[in-house]
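Engineer:
Numbering (the numbering used here), first residue to last: 50 to 156.
(1) With respect to the alpha helix (DSSP H) encompassing residue 151, which residues constitute its N-terminal and C-terminal limits?
(2) Please go through the same chain and pick out, in chain order, the residues whose beta-carbon is closer than 6 Å to the beta-carbon of residue 140, but skip the five residues on each side of it.
(3) Do you know how far the Cα of residue 104 is from the Cα of residue 125?
(4) In whole angstroms, give me the CA-to-CA distance for residue 50 and residue 76.
(5) Work out the CA separation of residue 59 and residue 66 for me, nearest whole Å.
(6) Take the Cβ of residue 80 as the centre, count every other Cβ of all protein chains shown within 10 Å, and call the residue buried at 16 or more, exposed below.
(7) Report all residues from its chain with a CB closer than 8 Å to the CB of residue 114; omit the five preceding and five following residues, and keep chain order.
(8) Is it buried or exposed, residue 117, if we count other Cβ atoms within 10 angstroms and call 16 or more buried?
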């Protein structure tokens with residue numbers, strides 16, 4: 050569950066926690082229970098299908114490599130556009146606040 054920890058998480062949760070209080074912690078604890086429940090539901094499905102990834106499962110379930118390729122490309126593009134760009138910006142924002150550097154110099 051710690052695979053999504055990055056600078057965006059630290060900057061975002063710190064600001065949200067300062068604005069909203071302890072409710073942010075409650076949201077994170079509830080997310081833990083939901084992830085555990087989804088694990089109990091989907092891990093047996095993946096094991097019985099003999100697959101390791103969602104694109105592999107889709108290829109096996111619906112047949113063909115085209116849906117596997119589309120899911121893989123879509124996941125990569127969305128990850129680059131959302132996660133990586135947010136992490137770079139929030140990391141630069143942290144460096145600006147911590148060291149007093151210019152924001153654009155930090156990136």
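We treat Cβ as the ideally placed atom computed from N, Cα and C, and that holds for glycine. Model, not experiment: these values are computed from the prediction.
Structural biologist: In short, the structure shows the following:
(1) No alpha helix (DSSP H) holds residue 151; DSSP gives it neither H nor E.
(2) Scanning its chain for C-beta atoms nearer than 6 Å, with the 5 sequence neighbours on each side dropped, one finds around residue 140 the residues 56, in chain order.
(3) If you take the alpha carbons of residue 125 and residue 104, they lie about 12 Å apart.
(4) Model confidence at residue 50 stands at a pLDDT of 47, short of 50, so the residue's coordinates are unreliable and nothing is read from them.
(5) Approximately 10 Å between the Cα atoms of the pair.
(6) Residue environment analysis places residue 80 among the exposed positions, since fewer than 16 neighbouring C-beta atoms fall within 10 angstroms of its C-beta.
(7) Closer than 8 Å at the Cβ level, and outside the excluded window around residue 114, lie 108.
(8) Result: buried.
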